[in-house]
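Residue numbers for the sequence shown follow my numbering, so the first one is 10 and each next one is one higher. Here is the structure we will look at.
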Amino acid sequence: VAANAVPPTIRPTDPALRLALLVFLAYWLPELVSAVDSVVPTKSWSEVALDLRFLPFAMFAISALASSRARWLCLRLAALVIAFWTLDALFQAAVGVGLGGVARGERITGIFGDDNLKLGQVLATLAPILLWAAWRYRRGRWLPVAWSLLTLAIMLAGSRAAWWSYALISLLGLWIWARTPRRFALAAALAIGLASIGSGLVYHGSAPFKARVDRTLLALSGTRSGVDSALALRLPIWEVALRMGLDHPINGVGVRGFRTAYPDYAAADDVWVRADPRRGALHAHQIVLEVWTETGVIGLAFWVAGLVALIRRWRAAAAAERELAIAAAAALIAMCFPLNTHLAFYSGFWGLLFWWLLALLLALLAPPRAVEGVAARDPA
10 VAANAVPPTI
20 RPTDPALRLA
30 LLVFLAYWLP
40 ELVSAVDSVV
50 PTKSWSEVAL
60 DLRFLPFAMF
70 AISALASSRA
80 RWLCLRLAAL
90 VIAFWTLDAL
100 FQAAVGVGLG
110 GVARGERITG
120 IFGDDNLKLG
130 QVLATLAPIL
140 LWAAWRYRRG
150 RWLPVAWSLL
160 TLAIMLAGSR
170 AAWWSYALIS
180 LLGLWIWART
190 PRRFALAAAL
200 AIGLASIGSG
210 LVYHGSAPFK
220 ARVDRTLLAL
230 SGTRSGVDSA
240 LALRLPIWEV
250 ALRMGLDHPI
260 NGVGVRGFRT
270 AYPDYAAADD
280 VWVRADPRRG
290 ALHAHQIVLE
300 VWTETGVIGL
310 AFWVAGLVAL
320 IRRWRAAAAA
330 ERELAIAAAA
340 ALIAMCFPLN
350 THLAFYSGFW
360 GLLFWWLLAL
370 LLALLAPPRA
380 VEGVAARDPA
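Right, dumping it as structure tokens:
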């Protein structure tokens, strides 16, 4: 993609770069402040130093994607990669093996390998990019196919968090497409009906999927054990997170310090401490609790400031810019939606994916620039 852009057209005073700096500081300064009295200073300070990479990465993305041609190429290539991952996951579900290896246990893992269960959440998060590309290709004729294949792959991946994220993305996409409440209601009813039929068929045809659904339905029992089982034993983690946050309200226990502090706040019979007495659960599994426990109210304030800056830029962007950036924005909404469980945002993999989407959004919201005498326009 960089070969199709002209980096020198971006100046340090460019508003897009200033916004990138502001968003970066909203993410990074909480780390810096939390590391001052972290419960695990070595880990926190190394994370602070490592995450400095995100600012030049975002600046490069804005520069490399300065032209419409580069933006379209990036989105289309990303959609092809996501489509490939989806097809590989379905192939693994059908024959038991894919490029990532053999499917083991009750969930398919696709390209990520049999010991890595990120497939569902990654596909659900990146789904808007593939759906957007299918919508723009041949007047949307491939959109139902893309949605159906993604739905099946995400269901078989077995992540309840991914199911919820994908449902949110589907409803958001329907609202954007329908444009009126009546059309949205009709389209949503049709989509829910098709998803219900498909889920029923998969439920009776896939024992692993059936087990995941049955486990989820335990939440309807009304008992603590049933709800905790449906939430994959998240309740004790969130209770510990609340106690930890109340004990370190200003700047938290330090970025990446949750696992180290966990045993000090857990009950004696905590299931995660029994599994590993040295550290317990690895992270809070919820974005608000993660930011609060590790970076305190200072971190929450900075994250809210970054969100406000992005919303203001979205509102100020031209319609053409928003149309091109809608997929990245929807992916970030799915990734960060607070009424869900999450992977760790201050971590290697999820933090990288988070910043890839942020950098993409920042680049796409910037006004496109003409390159080599070619007007900045939609090349489609």
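Even for Gly, the Cβ is constructed at its ideal location relative to N, Cα and C.
Can you list, in chain order, the residues of its chain with a C-beta nearer than 8 angstroms to that of arginine 283? Leave out the 5 residues immediately preceding and following it. On the sequence shown, position 274 is the one that residue 283 refers to. So no residue of the chain qualifies.
In terms of residue numbering, what span does the alpha helix (DSSP H) encompassing alanine 39 cover? The residue you call residue 39 lines up with position 30 of the sequence shown. For the record, residue 39 in the displayed sequence is proline; it is not alanine. Taken as a continuous stretch (DSSP letters only), the alpha helix (DSSP H) holding proline 39 covers 24-44.
With contact counted as at least three CB pairs below 8 angstroms, one residue from each stretch, are the region 291-308 and the region 259-270 in contact? yes
Classify leucine 373: buried if its beta carbon has 16 or more other beta carbons within 10 angstroms, exposed otherwise. The sequence position of residue 373 within the sequence shown is 364, counting from 1. Buried.
At a cut-off of 7 angstroms, would you count tryptophan 186 as near the ligand COA, judging by its Cβ distance to the nearest heavy atom? In terms of ligand content, the structure shown is empty, and the ligand COA therefore cannot be addressed.
Relative to the C-alpha of phenylalanine 63, which candidate in Arg243, Ala340, Gly357 and Ala375 has its C-alpha closest? Here residue 63 refers to the residue found at position 54 of the sequence shown. Nearest C-alpha to phenylalanine 63: Gly357.
In angstroms with no decimal places, state the Cα-to-Cα distance between threonine 95 and alanine 112. As a working note, residue 95 is residue 86 in the sequence shown. As a working note, residue 112 is residue 103 in the sequence shown. Distance between the alpha carbons of threonine 95 and alanine 112: 14 angstroms.
When the Cα atoms are used, what is the spatial distance from proline 286 to serine 234? The sequence position of residue 286 within the sequence shown is 277, counting from 1. The sequence position of residue 234 within the sequence shown is 225, counting from 1. Annotation: proline 286 to serine 234 spans about 22 angstroms, alpha carbon to alpha carbon.
Spatial neighbours of phenylalanine 193 in its chain, beta-carbon cut-off 7 angstroms, leaving aside the 5 residues before and after: The residue given as residue 193 occupies position 184 in the sequence shown. Answer for phenylalanine 193: Leu183, Trp184 and Ala187, listed in chain order.
Residue span of the alpha helix (DSSP H) that contains glutamate 248, given as start and end: For the purposes of this step, residue 248 is identified with residue 239 of the sequence shown, where counting begins at 1. Residues 244-256.
Using a threshold of 8 angstroms, state whether the C-beta atoms of methionine 253 and phenylalanine 218 are closer than that. For this step, residue 253 is matched to residue 244 along the sequence shown. For this step, residue 218 is matched to residue 209 along the sequence shown. Not in contact: methionine 253 and phenylalanine 218 (Cβ atoms no closer than 8 angstroms).
Following the continuous alpha helix (DSSP H) through leucine 366, name the residue where it begins and the one where it ends. Counted from its first residue, the sequence shown places residue 366 at position 357. Note, leucine 366: alpha helix (DSSP H), 357-374.
Please determine if the region 149-169 and the region 214-233 are in contact, where contact requires at least 3 C-beta pairs separated by less than 8 angstroms. yes
Is the Cβ-Cβ distance between glycine 110 and aspartate 123 less than 8 angstroms? Here the question's residue 110 lines up with position 101 in the sequence shown. Here the question's residue 123 lines up with position 114 in the sequence shown. Cβ atoms of glycine 110 and aspartate 123: closer than 8 angstroms.
Once DSSP output is grouped into helix, strand and coil, what is the label at glycine 109? For the purposes of this step, residue 109 is taken as residue 100 along the sequence shown, with counting starting at 1. DSSP places glycine 109 in coil when its eight states are reduced to three.
Taking just the CA atoms, how far does arginine 145 sit from leucine 108? By 1-based counting over the sequence shown, the position of residue 108 is 99. By 1-based counting over the sequence shown, the position of residue 145 is 136. Cα to Cα, the separation comes out at about 29 angstroms.
Which class does arginine 224 belong to by DSSP, given the choice of helix, strand or coil? Taking the first residue of the sequence shown as position 1, residue 224 is located at position 215. Looking at arginine 224 - three-state DSSP - the assignment turns out to be helix.
Start and end of the alpha helix (DSSP H) containing valine 90? Counted from its first residue, the sequence shown places residue 90 at position 81. From DSSP, the alpha helix (DSSP H) with valine 90 extends over 77-104.
Roughly how many angstroms separate the alpha carbons of threonine 51 and alanine 79, rounded to a whole number? As a first step, residue 51 must be located in the sequence shown, where it is residue number 42. As a first step, residue 79 must be located in the sequence shown, where it is residue number 70. If I take the Cα positions, the gap works out to 40 angstroms.
Can you look up glutamate 115 in the DSSP assignment and give me helix, strand or coil? Here residue 115 corresponds to residue number 106 of the sequence shown, with the count starting at 1. Note: glutamate 115 maps to coil in three-state DSSP.
Figure out for me which residue from Leu226, Asp279, Leu319 and Val45 has the closest Cα to the Cα of isoleucine 246. Residue 246 sits at position 237 when you count from the first residue of the sequence shown. Of Leu226, Asp279, Leu319 and Val45, the residue nearest in Cα terms is Asp279.
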